[in-house]
């Protein structure tokens, strides 16, 4: 079990005891959809305490789809709005089940 | 060297099925009305942050052996390749200066004599390899979204 899975499990328990509420995301990437069911073999699922920073979601989506290259630009979008990495999910008042987009830009020639 | 049109159209349609999900989520409009084995081309409409529309034609002749030829066109397709159809920030040729664009290669009139067409799937610098139509959509969406206007 990876660190994030341990953390998420802990957060679920914390939520049951009055911790921060959670939100389920759907993240469309150019390599496929990340959701509670897709891809079937994903080690992480996009369910987070609302206090989670956007940067963590980007990092997890990259991990699930093997976007390991650092010399690329990764941006999480909600519609046309760019979600700032250092802000929390709560600060955007996202709806449970919202569809986000992970935009990936290659290196420059 | 070329590739059978039947192979190209099969690969293009398979990749478009995946790319369509990304396009729909990102608010891109994909017009596949022109796609056929004889003319494997389609257009995608992108928007920058100001809401300006940019129409991009992907001509996939001999794909995936070679990358598509990517060109900016007018909304009615009557004009193509002029600077005013391009967003600011791209190569002033004008050109999408990436390995996934056949127009970027010197043998096709582009700036890059140091690239080989058959290596088009290689990453540029240390970036992600842009090796599918969905990845091309994503790379262009990011660059066009950040542009502040037109090249001319």
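Protein chains in written order, with our numbering: chain A, 10 to 118; chain B, 16 to 167.
Glycine included, every Cβ here is placed at the ideal spot set by N, Cα and C.
For residue i, report the span of its beta strand (DSSP E) as first-last.
i              : result
residue 72(B)  : 68-74
residue 46(B)  : 44-46
residue 58(A)  : 56-58
residue 23(B)  : That residue, residue 23(B), is in no beta strand (DSSP E); its alpha helix (DSSP H) goes 20-41.
residue 87(A)  : 82-87
residue 116(A) : First-last for residue 116(A): undefined, no H or E at that position.
residue 145(B) : Element bounds for residue 145(B): n/a, residue is neither H nor E.
residue 41(A)  : 41-43
Can you name the residues that DSSP bridges to residue i?
i              : result
residue 85(B)  : 73(B)
residue 110(B) : 106(B)
residue 120(B) : 127(B)
If you draw a straight line from the C-alpha of residue i to the C-alpha of residue j, how long is it?
i              : j              : result
residue 103(B) : residue 106(A) : 35 Å
residue 49(B)  : residue 72(B)  : 10 Å
residue 62(B)  : residue 94(B)  : 18 Å
residue 28(A)  : residue 57(A)  : 12 Å
residue 52(B)  : residue 149(B) : 20 Å
residue 43(A)  : residue 84(A)  : 15 Å
residue 140(B) : residue 28(B)  : 29 Å
residue 155(B) : residue 114(A) : 8 Å
residue 147(B) : residue 66(B)  : 26 Å
residue 11(A)  : residue 51(A)  : Below a pLDDT of 50, predicted positions are generally treated as unreliable, and residue 11(A), at 44, falls in that range; the measurement from the model is reported next regardless. In a straight line, the C-alpha of residue 11(A) is about 12 Å away from that of residue 51(A).
residue 92(A)  : residue 24(B)  : 37 Å
residue 35(B)  : residue 57(B)  : 12 Å
Tell me where the alpha helix (DSSP H) around residue i begins and ends.
i              : result
residue 90(B)  : That residue, residue 90(B), is in no alpha helix (DSSP H); it is neither H nor E in DSSP.
residue 157(B) : 148-161
residue 65(A)  : 63-74
Skipping 5 residues on each side, what residues in its chain have a beta carbon closer than 6 Å to that of residue i?
i              : result
residue 17(B)  : 77
residue 108(A) : 35
residue 98(B)  : 109, 166 and 167
residue 84(B)  : 74, 117 and 118
What do you reckon, are the CB atoms on residue i and residue j nearer than 8 Å?
i              : j              : result
residue 67(A)  : residue 30(A)  : no
residue 100(B) : residue 88(B)  : yes
residue 118(B) : residue 86(B)  : yes
residue 73(A)  : residue 53(A)  : yes
residue 26(B)  : residue 107(B) : no
For residue i, return the contacting residues in chain E, with the cut-off set at a CB-CB distance below 9 Å.
i             : result
residue 46(A) : Protein chains A and B are contained in the structure displayed, whereas chain E is not.
Any heavy atom of the ligand HEM closer than 7 Å to the beta-carbon of residue i?
i              : result
residue 112(A) : The ligand HEM is not part of the structure shown, which contains no ligands of any sort.
If you drop the 5 nearest sequence neighbours on each side, which residues of the same chain put their C-beta closer than 8 Å to that of residue i?
i             : result
residue 59(B) : 38, 43, 44, 45, 46, 70, 71, 73, 152 and 155
So, for residue i: in the same chain, excluding its five sequence neighbours on each side, which residues have a beta-carbon less than 7 Å away from its beta-carbon?
i             : result
residue 13(A) : For residue 13(A), the predicted structure reports a pLDDT of 47, less than 50, and the residue's modelled location is therefore unreliable. The matter cannot be settled from this model.
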